[in-house]
Structures are given as structure tokens and as C-alpha cells.
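Trainee: Handing you this structure, nothing more for now.
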């Protein structure tokens, strides 16, 4: 397998991978979950078994050039049952693919957004696997959820660079799911660091198979050590194909290896855990140096096809590597809040500068942050961010545009003014009742005398 470090050559000039535009896909709206399923059917779907391991939809997408090349719907075997409140942000994802239901994991990172693996919801060609995707957030046992806890997914986003092949491997294996209804569950904290200490103990959690062929509705977790590059090469050599020779095991630039040595206890992520979190656990975990759970990775794939096999090594997409992309996608698509904001970022253009009159200029780390600054200023109608200088120019209008590889620009759309209220005139006053004259009896003619 060719080195994925050569992916750097594929980055666009100037903007770079961290500010790469997302591929955003909308999923047609369902009027209600019951439009497709009854409540009982939905609950049966969630609690029922998944076909992740039985279908070619989730077979290895980049050939057998990796050591044993495990299936792409990566793999918690031999883990510990999670308590009800241990992972309130953990998300159980079910999707329908070719009349069968498949399972992945994820994490809530914004009220309407779940973070997962791209290979869960996108094919190797970049198309969506399913238009029927549902999420349950914070349920330690999905067999006990009610229909109110099931949220339909209305949109997907992935990096444009995601295109798993024998050349690129699983580079860019990260995706965002837009929920049709906001969740009030706690969000997981995301790391901004691209590197960490491989001597740390990490936490991985998921609802995947507890072993070959065994499904579970209970959330499980395990603690696993990091794997240094030297250890990875040494262990991979033990299981290399003799015909291919001892070639270096290539790991994607945006991935990290975590797991146990050969002949260990078999703790690992398993089928159905794909998209789930790799965490630095909070203070409740022995020896932790963190104040809260922090997600550093996303379950992507493994070294062996057998859950907990030898060596039990899994590979995880680095959250820190893609953190800017995550933040930009949330902001530039107006996905960050509980509902669509009143001032929306629209007309986002990559490698284009707006040259309207400047309102003010500041410095931000990324384009999404520049858009958020503009959103908060009522007079800001457009913005341009420069990836080199980090200048964020707030503008009174888009003005004329010019192509420049280091620019990302966008406009603001204010909410449409409400239609004018119809003028309602008060009804005309009722005519006053006839007045009675108190002296009318004295003025009346006297009756005629009787004959």
C-alpha cells in the first residue's frame, strides 16, 4: 500500500486540508417516524440484530494490503457494561441499507449534530449509504428506549478528501449527522490537539458485537493503551503475509493506533462500534489527568478481522486533526445551535475573496469563526477570511469577487421580515337605544270623559 503521507500533495493550494469544504447531503424529510414504522417496529429495529458483518456493504474498502485487513465497519469485545450516566453523549445509530439494518456509534457534539465515521454513512464513491438513519443519544441500553428518544437524521457531511482506496486508505474517515430535532443531552468535549502521549490509557465505548457473531443492546467500554509506531511495526510484522514480505505497515496521517499486544486479554472495538468515541477519560477513571471526558478519536478499522484477535489493535481517526473542519462545518452550515439561527451564513465560496467595503477587520483561527463574528454584528453583510494571514474582513456587502486560493468568503442572510399585519378597524358603534322621556305622561292629552 502506498504511503498516505503523499496525500499532502492532493491538498488544495493555500486553503489546505483543515479548511477543506465539506460535502453536505440533505436527506428527504419524514413527516414522522411513524410514517415509515409503528412505534413497536421502531423499538424492535433498535433492539434487534444488525447485519454489519454479513453484507458486502461494509466489507473492506481498500483491499487486503493491510495485515489481514479487517472489515470496514470496525470492531467493544470483552468490555465492561456502562452505567446509565457514564456516557450521556454516546449515540446509537441505525440505518437501513438494502432492506437490512446496520449499526454504528457516534457522539453528540452539538444539540443537533452527531460525530461518527464517514464509512458508516458514505460509500467508497462518496455517495450516501442510506436515506433512513435514526439516532438514540445517551441510552446505555437501547432495548429500553421509547419512540420519543429516536431522532431522525436530516443531513450528512464528510470531508471532500474522503475516498477510501488502496492508495489513500481510510483518510478522512469522519462525518457529521444533522439531527431533525435537537437533543438536550450533554455534549462530549473535543480535543484540539493533533498529538498525544501513546503511554496514556484510552477509553473506547460502543454497542458493537461483544465477540464474533454476538450482538448486544448494552453499551460497553474498555480501557486500552496507545501503540507507538515502533510497536505497531513490530506487531504487524508477526502477522504479515510471507509472500508480500515485511513491508512497513502504513497508517493514515489522520489516524492513531490503540490496542493490546499479541496474546493479551482481547479487549478491542468490534463490529458495530465504528464511529464511536476514543476518549481520554475524566477523573472517574484511575490515573486520569483529565477534568472531563475528551474525545480524541473515532473508531475506524482494525488490524485483524476477528474481534479482539492477535494483535488487538484498532485504528482511530484523530479528532484533533479534523477539529477545524468540524468547527467550520458547524458554523458555515448553521448547525451549531439548538435551531437554525435568525442570521444565517449563506453563499459560502472557497478560494474566492469578496471585495466589498470593509466594516472592520480582525484575526480568527478559521473561516467558521470569522463567519460567527459577522453573525453577531448586525451591520455585517458579508465576510472574507484569509488562510495565510488569518485576517477576517467584515464587510457591508459582497462587492466584486476575485479568485484567490487562500480565501474563504460568505454572506449573511437576515430573517425575512414578518408580513405586515392587516389593519383591523374596530366595528362601528351600535346605535344608542331610544331614550324614554320621563315627562311624556304629563304632556299626553287627557283621556276623553266618559259619556
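In my numbering, the protein residues as written are 3 to 453.
We put the CB at the ideal spot given by N, CA and C, even for glycine.
Computed from a prediction, not measured in an experiment: that's the story for all the values here.
(1) Can you give me the start and stop residues for the alpha helix (DSSP H) that residue 237 sits inside?
(2) How do the region 142–161 and the region 81–98 stand: do at least 3 beta-carbon pairs fall below 8 angstroms, yes or no?
(3) Check for me: the alpha helix (DSSP H) holding residue 466 runs from which residue to which?
(4) Using only the alpha-carbon positions, how far apart do residue 38 and residue 335 sit?
(5) Could you check whether residue 332 and residue 325 sit closer than 8 angstroms to each other, using their CB atoms as the reference points?
(6) Contact check, residue 260 vs residue 229 under 8 angstroms by CB: the rounded distance?
(7) For the pair the region 112–122 and the region 156–173, tell me if three or more CB-CB distances fall below 8 angstroms.
(8) Please report the distance separating the alpha-carbon of residue 274 from that of residue 104.
(9) In whole angstroms, give me the CA-to-CA distance for residue 377 and residue 345.
(10) Suppose you measure from the CA of residue 385 to the CA of residue 375; what does that come to, to the nearest Å?
(11) So residue 353 is in the beta strand (DSSP E); what residue range does that whole segment cover?
(12) Alpha carbon to alpha carbon, how far is residue 383 from residue 413? Give it in angstroms, no decimals.
(13) For residue 340, which residues from the same chain have a beta carbon less than 8 angstroms from its beta carbon, with the 5 sequence-adjacent residues on both sides left out?
(14) Measuring straight from C-alpha to C-alpha, what distance separates residue 2 and residue 418?
(15) So residue 175 packs on residue 302, CB below 8 angstroms; how close in whole Å?
(16) Where do the ends of the beta strand (DSSP E) carrying residue 259 lie?
(17) Comparing alpha-carbon positions, which option in 254, 129, 95 lies nearest residue 180?
(18) Residues in the same chain with beta-carbon distance under 8 angstroms from residue 227, minus the five sequence neighbours each way, listed in chain order, please.
(19) Can you round the beta-carbon distance between residue 220 and residue 208 to whole angstroms, since I take them to be within the 8 angstroms contact cut?
(20) Going by Cα to Cα distance, which pick from 396, 277, 148, 315 is closest to residue 373?
(21) Report back the beta-carbon spacing between residue 467 and residue 171 to the nearest angstrom; my notes put them in contact at under 8 angstroms.
Mentor: Let's see:
(1) Its alpha helix (DSSP H) spans residues 231–240.
(2) Enough Cβ pairs lie closer than 8 angstroms, so yes.
(3) This structure leaves residue 466 out entirely; the chain is present only between 3 and 453.
(4) Caution applies to residue 38, whose pLDDT of 46 falls short of 50 and renders its modelled position unreliable; the value that the coordinates give is listed next. Whole-angstrom Cα-Cα distance: 28 angstroms.
(5) Between residue 325 and residue 332, the gap from beta carbon to beta carbon reaches 8 angstroms or more.
(6) Under the criterion of beta carbons closer than 8 angstroms, residue 260 and residue 229 qualify as touching, at roughly 6 angstroms.
(7) Flag = yes, the region 112–122 and the region 156–173 touch.
(8) With a pLDDT of only 48 at residue 274, under 50, the local geometry of the prediction cannot be trusted, and the value read off the model is given with reservation. One C-alpha to the other measures close to 8 angstroms.
(9) Cα to Cα, residue 377 sits roughly 6 angstroms from residue 345.
(10) Approximately 9 angstroms between the Cα atoms of the pair.
(11) Here the beta strand (DSSP E) through residue 353 covers 346–356.
(12) Residue 383 has its alpha-carbon roughly 6 angstroms from the corresponding atom of residue 413.
(13) For residue 340, where only same-chain residues beyond five positions count, the Cβ hits under 8 angstroms are 113, 114, 184.
(14) Coverage of the chain is limited to positions 3 through 453, which leaves residue 2 absent and any answer about it impossible.
(15) A Cβ-Cβ distance of about 5 angstroms is found for the pair residue 175 and residue 302, placing them in contact under the 8 angstroms criterion.
(16) Where residue 259 is concerned, the enclosing beta strand (DSSP E) stretches over 257–261.
(17) Answer by Cα proximity: 95.
(18) Taking residue 227 as the centre and dropping the five residues before and after it, the same chain places the C-beta of 200, 201, 202, 203, 204, 260, 261, 262 closer than 8 angstroms to its C-beta, in chain order.
(19) A Cβ-Cβ separation of about 10 angstroms leaves residue 220 out of contact with residue 208 under the 8 angstroms criterion.
(20) Nearest of 396, 277, 148, 315 to residue 373, Cα basis: 396.
(21) There is no way to answer for residue 467, as the model of the chain reaches only from 3 to 453.
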